[in-house]
Amino acid sequence: MLFKCGHNHAHGAHHAPASDAGARAARVDQLGVRTVDIHCHLHVPEVDSMLKDAFDLKSEPLLWFANDETRKFQMAHGQDIMPKITDTCLRLAEMDATGVDVQAISTAPNHYAYWAEPGLGRDVAQTVNNNIAKVVGEHPDRFVGLCTVPLQDPQLAVAELERAVNDLGMRGVEINADVAGQELSKAGLEPFWAKCEELDVIVFIHPSGFAKGDRLADHYFSNIIGNPLATTVAVHYLIFDGVMDRHPGLKIVLAHGGGFLGAYPGRIDHAHPLRDDMQRELPAGKRPGEYLERFYFDTVVFTHDQVEFLASHYGADHVIMGTDYPYDMAETDPVGHVMGSNLSDDQKRAILGENAAKLLKLD
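This note's numbering puts the first residue of the sequence shown at 29, with every later residue one more than the last.
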């Protein structure tokens, strides 16, 4: 079960010093913006039991492509953060301490379960979504929900997306960067992309390791290289296999600053006019790098200059504050991260909350 405010807890929150939080709040109040975290996770313990008998470690690249040291640390880390990722009261306290007004909650990536039999995948998605909706319903001024769907069966995925949006009030959907090793552009997902357009909801691409990550076993490379690499590959395929052209209404938000492609678009633009296989699915005269201007990028990039780069190249209106709460790879001072940049006040307002409010229909 998920915990909520009102229970007694033995664990304690790890907050920023009150003076820091107060100074941060004062700076944001001067800007007059409601801050929104687009990238934060919730774990539903009930799903662990649902998946226990069917689970195979090979299905989770983050753990499978990891040496014993990394795997042991990761398992312990999962237990360490369990209070934060399940306890609504603790979550709210940490939001207050870090200056986050609203979280867009999405599932923990290990609960995508695209490897599971479709019926089980549907049941898992429904359980996760019902729990997210419950948390949102208890604190509608602080949370909105992003659903999960069983992409291993596109028809079931569409049905659950409709239920989650129309019945549960979800504002978008979180998906992996691949479907159990299949590319998002090659997994029969045309009905899913079309439904996302029709419902006018965001698609938040959040990877769960790199599906071909046998070279990434050491030094936690399965995450620090594998996650942004998975997003990078996924975005390439969405562009070059024509998904972005066939679905011009898609609103795709990319975790971890969009992976590596967002910072290195010149290579695809250089190669495009030189090779037929780079041009086959794209309209004549259109640079592949132009498609990147349609994506949205979160701020989980850890340096001010990278936030500034994303804003200057793709527009501050396409950059959105995120944390990756509550994992160790999270940005622990998301508001300060944006406020400490050399961006203008208008750009900071957009990134801290205005862009997310528009995409999530908060106003």
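A virtual CB, placed ideally from N, CA and C, is assigned to each residue, including glycine. Just so it is clear, the structure is predicted and the values come from calculations on it, not from any experiment.
Judging by CA-CA distance, which residue of the options is the nearest neighbour of residue i?
i, options, result
"Cys-68", "Val-61, Ile-113 and Arg-322", "Ile-113"
"Asp-206", "Thr-351, Lys-162, Leu-217 and Gly-200", "Leu-217"
"Leu-278", "Met-78, Val-263 and Asp-81", "Val-263"
"Val-403", "Ala-245, His-234 and His-275", "Any question about residue 403 goes unanswered here, given that the chain covers just 29 to 391."
"Val-366", "Ser-77, Val-335, Gln-183 and Asp-273", "Val-335"
"Asp-352", "Ala-283, Glu-97, Ala-187 and Gly-254", "Ala-283"
"Tyr-142", "Tyr-265, Thr-98 and Leu-184", "Leu-184"
"Gln-375", "Gly-147, Ile-348 and Tyr-355", "Ile-348"
"Pro-301", "Asp-269, Ala-291 and Ala-312", "Ala-312"
"Val-75", "Tyr-140, Leu-244 and Asp-333", "Tyr-140"
"His-17", "Ala-144, Glu-321 and Asp-269", "Nothing in the structure corresponds to residue 17, since the chain is present only between 29 and 391."
"Asp-356", "Leu-387, Ala-239, Ala-258 and Gln-107", "Gln-107"
"Asp-326", "Ala-339, Pro-316, Val-172 and Met-78", "Ala-339"
"Tyr-248", "Val-193, Ala-291, Phe-171 and Asp-96", "Asp-96"
"Asp-84", "Arg-150, Ala-144 and Leu-387", "Ala-144"
Under a three-way DSSP split, which group does residue i fall into?
i, result
"His-39", "Here His-39 scores only 33 on pLDDT, less than 50, and its place in the model is too uncertain to base an answer on."
"Lys-376", "helix"
"Phe-249", "helix"
"Val-152", "helix"
"Pro-134", "Sequence check: residue 134 is Ser here, not Pro. Note: Ser-134 maps to strand in three-state DSSP."
"Pro-45", "Only weak support is given to the placement of Pro-45: the predicted model assigns it a pLDDT of 41, under 50, and the value that follows is read from those uncertain coordinates. Reduced to three states, the DSSP call for Pro-45 is coil."
"Phe-268", "helix"
"Val-263", "helix"
"Leu-338", "helix"
"Val-347", "strand"
Decide if residue i is buried, meaning its Cβ has at least 16 other Cβ atoms within 10 Å, or exposed.
i, result
"Asp-242", "exposed"
"Ser-134", "buried"
"Ile-252", "exposed"
"Gly-40", "Because Gly-40 sits at a pLDDT of 32, beneath the cut-off of 50, its placement in the model cannot be relied upon, and the point is left open."
"Gly-381", "buried"
"Gly-209", "exposed"
"Lys-223", "buried"
"Met-29", "Any reading at Met-29 must be qualified, since the residue scores a pLDDT of 48, below 50, and its modelled position is unreliable; no value is offered."
"Gly-200", "buried"
"Ala-378", "buried"
"His-71", "buried"
"Gly-285", "buried"
"Tyr-324", "buried"
With residue i as the anchor, note down where its beta strand (DSSP E) starts and where it stops.
i, result
"Phe-325", "324-326"
"Ile-109", "Neither: Ile-109 is in no beta strand (DSSP E) and is coded neither H nor E."
"Val-363", "First-last for Val-363: 362-367, but that is the alpha helix (DSSP H), not the beta strand (DSSP E)."
"Leu-387", "From DSSP, Leu-387 is part of no beta strand (DSSP E) but of the alpha helix (DSSP H) over 383-387."
Any beta carbon of chain D sitting closer than 9 angstroms to that of residue i?
i, result
"Ala-222", "Here chain D cannot be found, since the structure has a single protein chain."
Report yes if the C-beta of residue i is less than 8 angstroms from at least one heavy atom of the ligand COA; otherwise report no.
i, result
"His-247", "As for the ligand COA, it is missing from this structure, which has no ligand bound."
Terminal residues of the continuous alpha helix (DSSP H) containing residue i?
i, result
"Leu-282", "Leu-282 -> not in any alpha helix (DSSP H); beta strand (DSSP E) instead, spanning 279-282."
"Glu-122", "116-126"
_Sequence ranges, alpha helix (DSSP H) only - wholly within the stretch 155-229, length at least 4_ = Taking only runs of at least 4 residues, the alpha helix (DSSP H) segments lying wholly in the stretch 155-229 are 182-190 and 218-227.
*Kindly provide the ranges of any beta strand (DSSP E) runs that are 3 or more residues long and lie completely inside the stretch 59-84, ordered along the chain.*
Here the runs fully enclosed are 64-70.
*May I have a chain-ordered list of the beta strand (DSSP E) segments no shorter than 3 residues that lie completely inside the stretch 294-330?*
Within the stretch 294-330, the complete beta strand (DSSP E) segments at least 3 residues long are 324-326, listed from N- to C-terminus.
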